[in-house]
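Asker: I'd like to ask you about the structure that follows.
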Amino acid sequence: FSPLLEAAADETGAAAILTAHTRDDQAEQVLLGLSRGSGTRSIAGIPPRRGRILRPLLGVPRASTEAACAAQGLDPWTDPQNADPAFARVRARISVLPVLERELGPGAAAALARSAEQAREDADALDGMVDECIEELVEFAEAGIAVLIPALAANPAAIRHRVIRRVARDEFGALLSRTHTLEIDRLITEWRGQGPLTVPGATVVRAGERLVFTAATPFEREQESHGRVPPRR
Numbered sequence: 028f029s030p031l032l033e034a035a036a037d038e039t040g041a042a043a044i045l046t047a048h049t050r051d052d053q054a055e056q057v058l059l060g061l062s063r064g065s066g067t068r069s070i071a072g073i074p075p076r077r078g079r080i081l082r083p084l085l086g087v088p089r090a091s092t093e094a095a096c097a098a099q100g101l102d103p104w105t106d107p108q109n110a111d112p113a114f115a116r117v118r119a120r121i122s123v124l125p126v127l128e129r130e131l132g133p134g135a136a137a138a139l140a141r142s143a144e145q146a147r148e149d150a151d152a153l154d155g156m157v158d159e160c161i162e163e164l165v166e167f168a169e170a171g172i173a174v175l176i177p178a179l180a181a182n183p184a185a186i187r188h189r190v191i192r193r194v195a196r197d198e199f200g201a202l203l204s205r206t207h208t209l210e211i212d213r214l215i216t217e218w219r220g221q222g223p224l225t226v227p228g229a230t231v232v233r234a235g236e237r238l239v240f241t242a243a244t245p246f247e248r249e250q251e252s253h254g255r256v257p258p259r260r
């Protein structure tokens, strides 16, 4: 709904868009991130702010917002998808969170929401460190982007992996899986003369003391989509 909300805000001259996401929504999002084996940013859940979209009720239980609406005689609009078990988040709400609250004790949803807040703080700090690293380590190369290997190798894995993913995303629109990220990282940490790697949207090769990212050719993209990535040697 974000594009529609943004368009409506532009039309009405609104300074902000407020949504009614609650602590329960946040807990569901954290559960989904954990079940997918996602990283810190995903486990951070729903951001309290993204551009003009603000979510002031993320710390409030859904039951409290529903009770407040009832007390004021308000009839809030409910997204019909919220009752459709075809969506994983709905199954988490209906089938998983109640079990956690029953078996682990009341407060499981609140604890998951607190975890999201802590993960967001960590992710924001790491992103700031990555910004600094990219300014120091990344340079333009012929037809691509180069990352200085000795300086990147001196960083812990959490920073190296984020730099790799950020370069692929920002320069080539590539969203790397953890498997792809680890394969690229081995060109830094386990160098044995491996050949080029083709990942979604890009080809990565080690050239001396540089890790060079270039846009993947149509043939390389086709090979990667069928799992025929050039093997490491």
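If you read the sequence shown in the working numbering, its first letter stands for residue 28, the second for the next number, and so on. Ideal Cβ placement from N, Cα and C applies to all residues, glycine included. For clarity, every value in this text was computed on a predicted model and none was experimentally measured.
1) Might you give, ordered along the chain, the residues of its own chain that have their beta carbon closer than 7 angstroms to the beta carbon of residue 192, omitting 5 neighbours on each side?
2) Have a look at residue 259 and residue 213 and give me their C-alpha separation to the nearest angstrom.
3) Using CA coordinates, which residue listed in 153, 241, 146 and 57 is at the minimum distance from residue 228?
4) State the Cα-Cα distance for the pair residue 58 and residue 138, rounded to the nearest angstrom.
5) Is it true that the CB of residue 180 sits closer than 8 angstroms to the CB of residue 71?
6) Rounded to whole angstroms, what's the CA-CA distance from residue 43 to residue 233? Just pull it up for me.
7) Using a Cβ-Cβ cut-off of 6 angstroms (strictly less than) and excluding sequence neighbours within five positions of residue 135, which residues of its own chain qualify?
8) Assign residue 31 to one of two classes, buried (16 or more other C-beta atoms within 10 Å of its C-beta) or exposed (fewer than that).
9) By DSSP, does residue 35 sit in helix, in strand, or in coil?
Answerer: Let's see:
1) 203 and 208
2) Note that residue 259 has pLDDT 38, beneath the 50 cutoff, so the model's placement of it is unreliable and no number is given.
3) 241
4) 11 angstroms
5) no
6) 46 angstroms
7) 127 and 128
8) exposed
9) helix
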